[in-house]
Each structure stands twice: as C-alpha cells, then as structure tokens.
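One structure below.
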Amino acid sequence: MEYRILGKTGLKISRMGFGGIPIQRTDAEKTKELITLLHRQGVNYIDTARAYTVSEEYLGYALEGIRQDFVLATKSGAKTKEAMAADIDVSLKNLRTDYIDLYQVHNPSPAGLDEILAPGGALEALLEAKAAGKIGHIGITLHTVDLFQRAVEFDWVETIMFPYNIVETQGEALIHTCAQRNIGFIAMKPLAGGAIDDPVLALRFIANNPDVTVVIPGMATKDEVSENMAAVCDNTPLTEEELAKLQTVRDQLGTQFCRRCNYCAPCTAGIGISVQFLLEGYYTRYNLEDWAQKRYDAQEKKASDCIGCGACEPRCPYQLPIRDMMKRVATLFEKK
205 MEYRILGKTG
215 LKISRMGFGG
225 IPIQRTDAEK
235 TKELITLLHR
245 QGVNYIDTAR
255 AYTVSEEYLG
265 YALEGIRQDF
275 VLATKSGAKT
285 KEAMAADIDV
295 SLKNLRTDYI
305 DLYQVHNPSP
315 AGLDEILAPG
325 GALEALLEAK
335 AAGKIGHIGI
345 TLHTVDLFQR
355 AVEFDWVETI
365 MFPYNIVETQ
375 GEALIHTCAQ
385 RNIGFIAMKP
395 LAGGAIDDPV
405 LALRFIANNP
415 DVTVVIPGMA
425 TKDEVSENMA
435 AVCDNTPLTE
445 EELAKLQTVR
455 DQLGTQFCRR
465 CNYCAPCTAG
475 IGISVQFLLE
485 GYYTRYNLED
495 WAQKRYDAQE
505 KKASDCIGCG
515 ACEPRCPYQL
525 PIRDMMKRVA
535 TLFEKK
C-alpha cells in the first residue's frame, strides 16, 4: 500500500481509503470483519458522515481496540454553530472516540456555505472543537466547480472532497491547485455513484493522477476490498486498451446521469428516483433488458407517476433535469 501526506493536516494515510456509505446495508458484525481486513491490508483512512444513518455507529464498534491505527474522518451538513457542535458530539459518541482526525463541512449549497461562514455559523463550532482537541483538522466536501473554486481560497480548509472519476473530470484543474497549495484532495464517487461497472478501470484511472491524495471507494464485502486494493496498488501507466475502454465509458454515460447520491429525495409522489435511473442503466448499458423490465414493473411507484412538481431538482447537486429524465425512463419501460 502506498501512503501519502494528507495536505496541510500532515496525516500519513493510505492511497486508498474506506468509504462508509455501503455498510449501511450490512450490520455491525460484518462491518467489524471488513475493518479488520482493511487493518491487515494497511488501509488506514476511513470516511463516514452523520447523514449515513448507522455508519458511524457500526464503525465505532468495529474500531474498538484499533482506533489509534486509523485516520478517522466524518462530516456534517449542519449550518449553525449550535447544530454543528451538537453533531460533533454525536459523532464522537457514535465512533466511540475522544477525537476525530478530520471533520468536514458536508456538501453545502452556495447559500448554505454563506450561512456556515457567517457569525454564529458552523465554522465557529468547528474551530472551537479543533481548539478543544475534539477534532484534529477541518475539511469540506463539494459537488460543484463554483464552490470548489471558492473552497481553495479559504485558509481554514485543509482538505477538499470532490467527485472525480472517468466521466467527471471537471475538477482536474482545481485538483492540481489543491496539490500546489498543500490541500489534501479526497476523490469521492470513483464509480460515479455506481454508473461505472468496471471498478478496476475506474480506480486505476484515479490512482494514475498524482494530485489525488486518497480515493475512497465504498466497500461492503471482502471481495470488493481485494479487487479495489489490487487496482489502487497497481502503479503502472494505463495501457492503450484501458484508455480505449475509458473513452467507451465516457461515450456511454456522458454527463447527464444519476450518481445515486439520493440528495433529491424524498419524492413528493413517493418515487424512488435513483432506482428509476439505475434500472434504466441496467436496461440500456448492461444488456439486462428483461431483468430490468421485471424489476421496473414490480415497483409500486414508477417513473410515470412523476407529477412534475420539480421539488427534487433544486436538491440535485448535479443540476440534473430529473423531470425530463423521468419521462425518458417511463417511455423506455412503458412502451405499450
């Protein structure tokens, strides 16, 4: 395992970290098995969030006795000082630790970021928690280039997390700026929210960028750990064949696709929005027409149930035209 220094934090971390979203679908014991395996393999960076339901709690249980061997990062979407201070305390309790190495501002909107920075905003709580030793360092996670450009200018920002993968390279210039300014860069969405079905190719692409400090694929099984480790630890340049595959993925996905972050939820009509687009992908990209059709038909609420209210669209960090995309899915699956 290759190790890097996480920018201004000075923390030495593994090039591949652990993304704590998928363990929400498992349980505490399976999480413990996974973390024990990662520990043996030399992975020492863990990322979770207050928003990931049971993730912090499962990780707290899994890390008992080995907490000191890991760099632990979590995050909160709180905007006020009071709410952020409360979230930090909840994270400490859930993670069963008296300090968190990196606490991040979680995916603020432009207006939300202004509130965080204003008097009485969440940044005050983060700075006070850092001074008190509850947290070691402060970072931010983002989804838009405009906010990325703002974040690299803040002196309090020690790390930035941003989507980076085969089809989402819009942040590359700013990722390089992070390297120049000694800001640790954390690559999230390495598989574009599950839209990329070749994890080895996806992680090889990211690991070939020297400006990326750490990539954090979500993992829920031992096989995923082994596969991801092999990809990230392969330091050879991408082959001509791999480069051709990269272009094929880009041609297939474009930029208007769902990353399944579920920030759009809840739907006014009760539709599982990201599920509609997931099934569409299985149908159109993976030659699983019959499989996808059966699962689409079995849903209680389908794309055609969209009432066009548009409540989901302002919540989408990628500004996707969800209503138009729903119509496309309904047309695909409901031809009769």
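Under my numbering, residues 205 to 540 are what the sequence shown spells out, in order. C-beta atoms are modelled at their ideal positions from N, C-alpha and C, and glycine is treated no differently.
If I follow the unbroken alpha helix (DSSP H) through residue 455, where does it start and stop? Counting from 1 along the sequence shown, the entry for residue 455 is found at position 251. Start and end: 444-457.
Taking the C-alpha atoms as reference points, what is the distance between residue 508 and residue 339? Taking the sequence shown and counting its residues from 1, one reaches residue 508 at position 304. Taking the sequence shown and counting its residues from 1, one reaches residue 339 at position 135. One C-alpha to the other measures close to 47 Å.
In whole angstroms, what is the alpha-carbon distance linking residue 474 and residue 522? Along the sequence shown, one-based indexing puts residue 474 at 270. Along the sequence shown, one-based indexing puts residue 522 at 318. So the two alpha carbons sit approximately 21 Å from each other.
Which residues does DSSP list as the beta-bridge partners of residue 251? The count along the sequence shown starts at 1 and reaches residue 251 at position 47. Partner(s): 223, 277.
With 16 other CB atoms within 10 Å as the buried threshold, where does residue 427 fall? As a working note, residue 427 is residue 223 in the sequence shown. Exposed, since its Cβ has fewer than 16 Cβ neighbours within 10 Å.
C-beta contact flag for residue 290 and residue 262 at 8 Å: Your numbering for residue 290 matches position 86 in the sequence shown. Your numbering for residue 262 matches position 58 in the sequence shown. Going by C-beta atoms, residue 290 is not nearer than 8 Å to residue 262.
Residue 370 and residue 352 - do their beta-carbons sit closer together than 8 Å? Within the sequence shown, the letter at position 148 stands for residue 352. Within the sequence shown, the letter at position 166 stands for residue 370. Not in contact: residue 352 and residue 370 (Cβ atoms no closer than 8 Å).
Determine the extent of the alpha helix (DSSP H) in which residue 264 is found, giving its start and end residues. In the sequence shown, counting from the first residue as 1, residue 264 sits at position 60. Counting along the chain, the alpha helix (DSSP H) containing residue 264 begins and ends at 259-266.
8 Å Cβ cutoff, residue 400 in contact with chain C: Although the question refers to chain C, the structure presented lacks it and comprises just one protein chain.
Considering only their Cβ atoms, is the gap separating residue 301 from residue 190 smaller than 8 Å? Outside the displayed range of the chain (205 to 540) lies residue 190, so it cannot be described from this structure.
Status (buried if at least 16 other CB within 10 Å, exposed otherwise) for residue 511: For the purposes of this step, residue 511 is taken as residue 307 along the sequence shown, with counting starting at 1. Counting Cβ neighbours within 10 Å, residue 511 comes out exposed, since fewer than 16 surround it.
Expressed to the nearest angstrom, what Euclidean distance is found between the alpha-carbon atoms of residue 250 and residue 538? What you label residue 250 is simply residue 46 of the sequence shown in a count that begins at 1. What you label residue 538 is simply residue 334 of the sequence shown in a count that begins at 1. About 42 Å.
Kindly confirm or deny that the segment 386-403 and the segment 206-217 touch, where touching means at least three C-beta pairs closer than 8 Å. yes
Endpoints, alpha helix (DSSP H) assigned at residue 537: Here residue 537 refers to the residue found at position 333 when the sequence shown is read from its first residue. Run containing residue 537: 526-537, per the alpha helix (DSSP H) assignment.
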